[in-house]
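**Student:**
Number of protein chains: 2
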Amino acid sequence: MIFHLEVLLFPRQTLRLYPRPIQRIHSTAGAAYRGDIFSNDTDRSLVISICIFVAVLCICIVTGHLLEEKRWLDQSVTAIAVGCIIGTIILFVSKGENSHILRFDEELFFIYLLPPIIFNAGFQVKKKRFFENFFTIMLFGVFGVFISSAIISAGSWWLFPMVGFDGLEKQDYLAVGTIFSSTDTICTLQILHQEETPFLYSLVFGEGVVNDATSVVLFNTIKKLDVSKVQGWRIVLRILIDFLYLFSTSTILGVSSGLLTAYVIKALYFGRHSTDREISLMVLMAYLSYMLAELFRLSSILTVFFSGIVMSHYAWHNVTESSRTTTRHAFATMSFIAETFIFLYVGMDALDVEKWKVSKTSFSTSSGIYAVILSLVLVGRAAFVFPLSALSNHMSSTSYDRSSITFKHQIIIWWAGLMRGAVSIALAFNQVFGLLTKPLVGLLLPEGGGGRSERSSDVGSPSRSTSKVIEIEVEAQEEEEEEEEEAATFGLSQSLLGIDKASSFSILLERPAHTIHAYWRRFDDTYMRPIFGGPL
Amino acid sequence: MIFHLEVLLFPRQTLRLYPRPIQRIHSTAGAAYRGDIFSNDTDRSLVISICIFVAVLCICIVTGHLLEEKRWLDQSVTAIAVGCIIGTIILFVSKGENSHILRFDEELFFIYLLPPIIFNAGFQVKKKRFFENFFTIMLFGVFGVFISSAIISAGSWWLFPMVGFDGLEKQDYLAVGTIFSSTDTICTLQILHQEETPFLYSLVFGEGVVNDATSVVLFNTIKKLDVSKVQGWRIVLRILIDFLYLFSTSTILGVSSGLLTAYVIKALYFGRHSTDREISLMVLMAYLSYMLAELFRLSSILTVFFSGIVMSHYAWHNVTESSRTTTRHAFATMSFIAETFIFLYVGMDALDVEKWKVSKTSFSTSSGIYAVILSLVLVGRAAFVFPLSALSNHMSSTSYDRSSITFKHQIIIWWAGLMRGAVSIALAFNQVFGLLTKPLVGLLLPEGGGGRSERSSDVGSPSRSTSKVIEIEVEAQEEEEEEEEEAATFGLSQSLLGIDKASSFSILLERPAHTIHAYWRRFDDTYMRPIFGGPL
Numbered sequence: 161m162i163f164h165l166e167v168l169l170f171p172r173q174t175l176r177l178y179p180r181p182i183q184r185i186h187s188t189a190g191a192a193y194r195g196d197i198f199s200n201d202t203d204r205s206l207v208i209s210i211c212i213f214v215a216v217l218c219i220c221i222v223t224g225h226l227l228e229e230k231r232w233l234d235q236s237v238t239a240i241a242v243g244c245i246i247g248t249i250i251l252f253v254s255k256g257e258n259s260h261i262l263r264f265d266e267e268l269f270f271i272y273l274l275p276p277i278i279f280n281a282g283f284q285v286k287k288k289r290f291f292e293n294f295f296t297i298m299l300f301g302v303f304g305v306f307i308s309s310a311i312i313s314a315g316s317w318w319l320f321p322m323v324g325f326d327g328l329e330k331q332d333y334l335a336v337g338t339i340f341s342s343t344d345t346i347c348t349l350q351i352l353h354q355e356e357t358p359f360l361y362s363l364v365f366g367e368g369v370v371n372d373a374t375s376v377v378l379f380n381t382i383k384k385l386d387v388s389k390v391q392g393w394r395i396v397l398r399i400l401i402d403f404l405y406l407f408s409t410s411t412i413l414g415v416s417s418g419l420l421t422a423y424v425i426k427a428l429y430f431g432r433h434s435t436d437r438e439i440s441l442m443v444l445m446a447y448l449s450y451m452l453a454e455l456f457r458l459s460s461i462l463t464v465f466f467s468g469i470v471m472s473h474y475a476w477h478n479v480t481e482s483s484r485t486t487t488r489h490a491f492a493t494m495s496f497i498a499e500t501f502i503f504l505y506v507g508m509d510a511l512d513v514e515k516w517k518v519s520k521t522s523f524s525t526s527s528g529i530y531a532v533i534l535s536l537v538l539v540g541r542a543a544f545v546f547p548l549s550a551l552s553n554h555m556s557s558t559s560y561d562r563s564s565i566t567f568k569h570q571i572i573i574w575w576a577g578l579m580r581g582a583v584s585i586a587l588a589f590n591q592v593f594g595l596l597t598k599p600l601v602g603l604l605l606p607e608g609g610g611g612r613s614e615r616s617s618d619v620g621s622p623s624r625s626t627s628k629v630i631e632i633e634v635e636a637q638e639e640e641e642e643e644e645e646e647a648a649t650f651g652l653s654q655s656l657l658g659i660d661k662a663s664s665f666s667i668l669l670e671r672p673a674h675t676i677h678a679y680w681r682r683f684d685d686t687y688m689r690p691i692f693g694g695p696l
Numbered sequence: 161m162i163f164h165l166e167v168l169l170f171p172r173q174t175l176r177l178y179p180r181p182i183q184r185i186h187s188t189a190g191a192a193y194r195g196d197i198f199s200n201d202t203d204r205s206l207v208i209s210i211c212i213f214v215a216v217l218c219i220c221i222v223t224g225h226l227l228e229e230k231r232w233l234d235q236s237v238t239a240i241a242v243g244c245i246i247g248t249i250i251l252f253v254s255k256g257e258n259s260h261i262l263r264f265d266e267e268l269f270f271i272y273l274l275p276p277i278i279f280n281a282g283f284q285v286k287k288k289r290f291f292e293n294f295f296t297i298m299l300f301g302v303f304g305v306f307i308s309s310a311i312i313s314a315g316s317w318w319l320f321p322m323v324g325f326d327g328l329e330k331q332d333y334l335a336v337g338t339i340f341s342s343t344d345t346i347c348t349l350q351i352l353h354q355e356e357t358p359f360l361y362s363l364v365f366g367e368g369v370v371n372d373a374t375s376v377v378l379f380n381t382i383k384k385l386d387v388s389k390v391q392g393w394r395i396v397l398r399i400l401i402d403f404l405y406l407f408s409t410s411t412i413l414g415v416s417s418g419l420l421t422a423y424v425i426k427a428l429y430f431g432r433h434s435t436d437r438e439i440s441l442m443v444l445m446a447y448l449s450y451m452l453a454e455l456f457r458l459s460s461i462l463t464v465f466f467s468g469i470v471m472s473h474y475a476w477h478n479v480t481e482s483s484r485t486t487t488r489h490a491f492a493t494m495s496f497i498a499e500t501f502i503f504l505y506v507g508m509d510a511l512d513v514e515k516w517k518v519s520k521t522s523f524s525t526s527s528g529i530y531a532v533i534l535s536l537v538l539v540g541r542a543a544f545v546f547p548l549s550a551l552s553n554h555m556s557s558t559s560y561d562r563s564s565i566t567f568k569h570q571i572i573i574w575w576a577g578l579m580r581g582a583v584s585i586a587l588a589f590n591q592v593f594g595l596l597t598k599p600l601v602g603l604l605l606p607e608g609g610g611g612r613s614e615r616s617s618d619v620g621s622p623s624r625s626t627s628k629v630i631e632i633e634v635e636a637q638e639e640e641e642e643e644e645e646e647a648a649t650f651g652l653s654q655s656l657l658g659i660d661k662a663s664s665f666s667i668l669l670e671r672p673a674h675t676i677h678a679y680w681r682r683f684d685d686t687y688m689r690p691i692f693g694g695p696l
């Protein structure tokens with residue numbers, strides 16, 4: 161529920177894949193002789209819209225490939241650029257009326273595009289790496305968001321009036337803090353790559369997944385907050401309890417759906433009959449878990465992420481060999497198409513005329529607000545990345561865990577986490593700024609519209625090149641195959657069985673992550689895998 | 161455009177994946193503390209609808225597997241049965257208000273569900289078998305529809321008043337004839353299986369694909385027909401020319417999109433970089449061809465079918481090994497989910513209360529109409545299957561072609577082609593009977609509603625068991641691998657090169673299909689494959 165929690169306060173219009181009539185294209189040759197299933201204007205323009213959008217997607221994939229081959233640009237940046245170009249063309253063709261083909265909204269995003277992306281991320285994530293850094297991820301994803309939102313709230317309360325923008329309630333400032341404190345998982349996926357920088361990827365992406373739950377809790381607490389009587393630590397405690405509740409229920413839902421799928425596939429042994437059935441069941445169960453989380457107002461991102469993790473850990477081992485290949489690639493393809501779709505849209509959205517028209521504020525005020533938010537986000541993120549990294553390093557230095565967060569790492573984490581730009585802001589447009597009461601809508605939108613795509617391309621390139629610089633050293637450190645690592649740890653877990661309890665306890669103190677992992681492997685091999693499947 | 165051509169005459173309401181509020185399920189525990197992206201009622205009920213539908217789909221797949229394992233029931237029949245059960249439950253829960261979860265409409269069907277099914281059929285079809293029977297398929301798909309629609313039109317004009325139903329225009333009778341003359345490709349896919357009965361499958365499925373184009377042309381001719389001055393043979397000629405135009409343009413569009421994809425993948429050699437890109441491009445280009453056919457009012461079924469054929473013949477050979485496995489299974493899975501979805505819906509639709517309410521006619525009249533249509537369809541189909549099969553056999557007996565249509569085959573073709581039941585009628589409901597002017601709506605719907613699902617299960621089982629009976633003999637005759645056949649024909653093509661033109665011409669007369677195939681192979685190997693890819 162990244163940035164869209166505020167809709168309870170501001171009911172939206174009915175949202176759908178709503179096509180706007182762009183330009184009626186009348187087919188010429190012999191069309192009059194033919195029937196048409198899409199007779200009325202809405203349907204016809206939907207067909208036209210889909211045609212154009214799919215064609216543009218194809219162009220995008222091909223140009224993205226060509227540019228990436230020459231090491232010029234990233235797929236996401238290409239998509240944004242192509243989107244801008246197409247948007248400009250549509251703008252001219254429609255004589256300045258609009259730059260969109262399809263009306264994009266949260267429903268489309270949250271119901272169709274986000275689930276495959278997050279599920280695929282969970283399915284392909286290097287599990288051992290992810291859980292090894294679990295403590296650091298939780299630090300960033302929970303306490304980091306608290307720190308950052310406090311700083312941004314306070315900062316905007318202090319600075320907004322100075323650039324000539326006031327009239328916000330205390331609650332609005334708190335909401336601004338929360339909204340700009342969570343990172344964007346999709347942008348992270350585009351900027352950092354698991355193969356190139358697995359350690360950083362697991363930290364930043366993990367943070368993005370966890371802080372979805374944090375932001376749900378924070379936002380709702382703020383919404384219910386009676387600002388006149390702030391009770392200090394009681395609120396913090398309340399938030400923590402709420403977070404733990406939400407985090408655990410979402411995780412349990414995701415894990416259960418994954419385990420159920422694994423069990424059904426194993427018990428019925430689908431492989432004897434049909435690859436189609438196995439894949440269908442995995443896709444549908446994952447999607448079901450996501451929608452159930454939405455239904456029960458949990459963190460759907462967390463749920464489907466854990467569902468992906470569990471499915472790749474158990475269910476994936478119960479299916480036929482061809483199902484394994486197919487799932488790996490089919491899920492990645494779904495995710496790829498959804499991502500390209502989103503970035504393409506973001507490019508087009510930058511030219512949205514309606515948003516530009518709303519603005520009635522001076523250039524200086526709106527750029528002032530833009531600068532304030534940008535610098536507050538930078539400061540707020542710095543305020544937790546560096547101290548919490550130091551804390552995490554201190555914890556791991558007392559143990560034998562190898563991975564410590566170097567200063568270079570910290571800068572990248574700080575920078576990569578700023579990537580909330582493109583998608584979230586594009587999507588949050590109507591809501592975020594709807595929340596900031598109407599004056600801010602008029603102020604922020606034009607700058608947001610223009611600066612957004614610019615910013616994401618700007619930020620995309622340096623971060624990408626920075627990550628290239630340290631790519632080699634990181635690779636050297638992190639390159640071992642997960643399976644090999646698991647085998648090594650498995651050896652450790654077996655050696656643990658042979659030693660007495662006192663010494664295993666001292667190992668637990670010294671190497672907490674490895675020891676927990678060893679115990680988990682023992683539990684997994686003894687109880688879980690025989691029931692839910694997996695290599696023994 | 162199976163049964164839905166008449167919408168030009170009867171504009172529909174705006175159609176979408178329209179959720180009806182069933183029963184508000186309020187989440188209990190802690191829901192009040194949480195934000196929700198789907199705040200208003202429409203969105204909330206959409207989430208609920210999707211949850212239930214996806215859950216039911218999962219149940220359907222598992223029970224379908226269990227029942228099929230015990231050789232009791234087919235997946236499609238299971239889906240219809242599960243749909244009926246769920247429909248009943250929803251009917252009770254909603255206190256008789258409705259039996260639907262999602263409102264199903266042509267837009268959902270034609271834009272999202274049909275393309276993957278037909279594309280997959282084209283992608284997986286045994287190409288050599290299909291083109292070997294091309295002459296017979298065209299006989300059935302073009303002239304068969306003419307004969308059948310003439311008989312049904314005349315029959316309904318003669319018999320409808322006798323069961324107490326009149327008030328239809330001449331044009332309406334002609335429309336009834338056209339609508340009930342085309343077969344349903346999706347039902348064919350469910351009843352006949354390519355692996356079990358490849359010869360019958362290619363005939364009946366091929367007919368279904370081709371008669372989509374015929375029905376588009378026929379229907380539009382009827383729509384424009386000035387009944388007062390029927391000009392006899394001129395109309396038939398006009399229809400034939402229109403058909404040829406539509407058939408060739410649709411085919412060219414599909415083939416071009418397939419060739420373009422193959423060329424792009426080959427020229428850019430995507431495999432070096434990304435399996436995701438290759439698969440995405442294939443999926444998107446196929447979908448684009450389908451939507452373009454819709455846009456230009458061509459036969460989208462024909463287009464996407466040929467797109468699938470060309471992609472499996474060229475593009476598929478240009479991709480990486482893992483892409484090959486993935487595309488085979490991922491396309492089949494998409495098709496599988498779409499089919500299950502449709503049949504599930506058909507089951508629920510049988511209990512649609514609104515449709516039952518419309519009826520105000522006596523039981524005898526409506527069952528009379530039902531019986532008349534059913535027997536006319538049977539007679540109309542018999543009237544072309546048997547004579548045209550004889551013609552086809554006569555043609556092939558003068559050549560060396562092995563495949564002749566036995567009497568058993570003919571009965572199955574006749575019977576399997578009746579499978580227009582479930583889907584088409586479910587979808588055509590509003591339109592077909594909308595066309596028959598309002599009195600018929602009141603008359604037919606209740607019987608249609610009740611009889612439909614019953615009929616499709618009835619028809620499904622005997623046809624299935626009949627096909628089982630002759631399965632073995634057919635298998636023995638047809639079992640050779642396509643690749644082997646191709647190799648053999650390739651040998652023939654090479655031997656053709658060595659003999660003089662006069663004798664190759666006499667071979668052409670004697671074995672037309674094989675000779676054309678040999679020439680095609682030569683052309684394919686010399687010009688097409690070097691450009692578009694494929695094994696040399």
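First to last, the sequence lines map onto chains A and B.
The numbering used here puts the first sequence at residues 161 to 696.
The numbering used here puts the second sequence at residues 161 to 696.
All C-beta atoms, glycine included, are put in the ideal place defined by N, C-alpha and C.
Where does residue 280/A sit, in a helix, a strand or coil, going by DSSP?
**Tutor:** Reduced to three states, the DSSP call for residue 280/A is helix.
**Student:** Here's the rule I'm using: 16 or more other beta-carbon atoms within 10 Å means buried, otherwise exposed. How should residue 252/B be labelled?
**Tutor:** So residue 252/B counts as exposed.
**Student:** Indicate whether at least one CB of chain A lies closer than 8 angstroms to the CB of residue 490/B.
**Tutor:** True, the Cβ-Cβ gap to chain A drops below 8 angstroms.
**Student:** Note down, in chain order, every chain B residue with its Cβ under 9 angstroms from the Cβ of residue 415/A.
**Tutor:** Neighbours of residue 415/A on chain B: none; closest Cβ ~17 angstroms, over 9 angstroms.
**Student:** Using a Cβ-Cβ cutoff of 7 angstroms, what residues of the region 276-296 of chain A are near chain B? List them in chain order.
**Tutor:** So nothing in the stretch comes that close.
**Student:** Step through the CB atoms of chain A and report whether any lies within less than 8 angstroms of the CB of residue 437/B.
**Tutor:** It does: the Cβ of residue 437/B has a partner Cβ on chain A nearer than 8 angstroms.
**Student:** On a Cα-Cα basis, can you pick out the residue from 695/A, 428/A and 297/A that is closest to residue 223/B?
**Tutor:** Considering only alpha carbons, the answer is 428/A.
**Student:** Is the region 497-504 of chain B touching the region 271-283 of chain B in the sense that three or more CB pairs, one from each, lie closer than 8 angstroms?
**Tutor:** The region 271-283 of chain B is in contact with the region 497-504 of chain B.
**Student:** At a CB-CB cut-off below 7 angstroms, which residues of chain A make contact with residue 215/B?
**Tutor:** What residue 215/B touches in chain A: 448.
**Student:** Under a CB-based cut-off of 8 angstroms, is residue 445/A close to chain B?
**Tutor:** Interface residue, yes.
**Student:** Can you give me the Cβ contacts of residue 676/B inside the same chain, cut-off strictly under 6 angstroms, excluding the 5 residues immediately before and after it?
**Tutor:** Contacts found: none.
**Student:** With distances taken between CB atoms, is the gap from residue 373/A to residue 421/A smaller than 8 angstroms?
**Tutor:** Result no, Cβ atoms of residue 373/A and residue 421/A do not sit closer than 8 angstroms.
**Student:** Is the Cβ-Cβ distance between residue 528/B and residue 324/B less than 8 angstroms?
**Tutor:** Going by C-beta atoms, residue 528/B is nearer than 8 angstroms to residue 324/B.
**Student:** Could you tell me whether the Cβ of residue 692/B comes closer than 8 angstroms to any Cβ of chain A?
**Tutor:** Residue 692/B does not count as touching chain A.
**Student:** What residue range does the alpha helix (DSSP H) around residue 331/A cover?
**Tutor:** Element bounds for residue 331/A: 330-339.
**Student:** Name the residues in the region 332-343 of chain A whose C-beta lies less than 8 angstroms from a C-beta of chain B; which are they?
**Tutor:** From the region 332-343 of chain A, no residue has a Cβ closer than 8 angstroms to chain B.
**Student:** Name, please, each residue of chain B whose Cβ falls closer than 9 angstroms to the Cβ of residue 211/A.
**Tutor:** Near residue 211/A (Cβ distances below 9 angstroms), the residues of chain B are 448, 451, 452, 454 and 455.
**Student:** Can you tell which of 296/A, 491/A, 556/A and 376/A has the C-alpha that lies nearest to the C-alpha of residue 280/A?
**Tutor:** Among 296/A, 491/A, 556/A and 376/A, the Cα nearest to that of residue 280/A is on 491/A.
**Student:** Within the 8 angstroms Cβ cut-off, does residue 222/A reach chain B?
**Tutor:** Chain B contact via Cβ: present.
**Student:** Determine the closest residue to residue 287/A out of 575/A, 469/A and 436/A, with distance taken between C-alpha atoms.
**Tutor:** It is 469/A.
**Student:** Kindly list the residues whose CB is nearer than 6 angstroms to the CB of residue 494/A, restricted to its own chain and excluding five residues on each side of it in sequence; keep chain order.
**Tutor:** So the list reads 276, once near-sequence residues are dropped.
**Student:** Helix, strand or coil for residue 553/A? Go by DSSP, reduced to three states.
**Tutor:** It is helical.
**Student:** Sort 219/A, 461/A, 378/A and 337/A by Cα distance to residue 534/A and report the nearest one.
**Tutor:** Checked all of 219/A, 461/A, 378/A and 337/A; the closest Cα to residue 534/A is 337/A.
**Student:** Could you name the residues of the same chain whose beta carbon sits closer than 7 angstroms to that of residue 399/B, not counting the 5 residues immediately before and after it, in chain order?
**Tutor:** Cβ neighbours of residue 399/B beyond the five flanking positions: 377, 378 and 381.
**Student:** Interface residues of chain B around residue 242/A at Cβ under 8 angstroms?
**Tutor:** Those within 8 angstroms of residue 242/A in chain B number zero; the least Cβ separation is about 14 angstroms.
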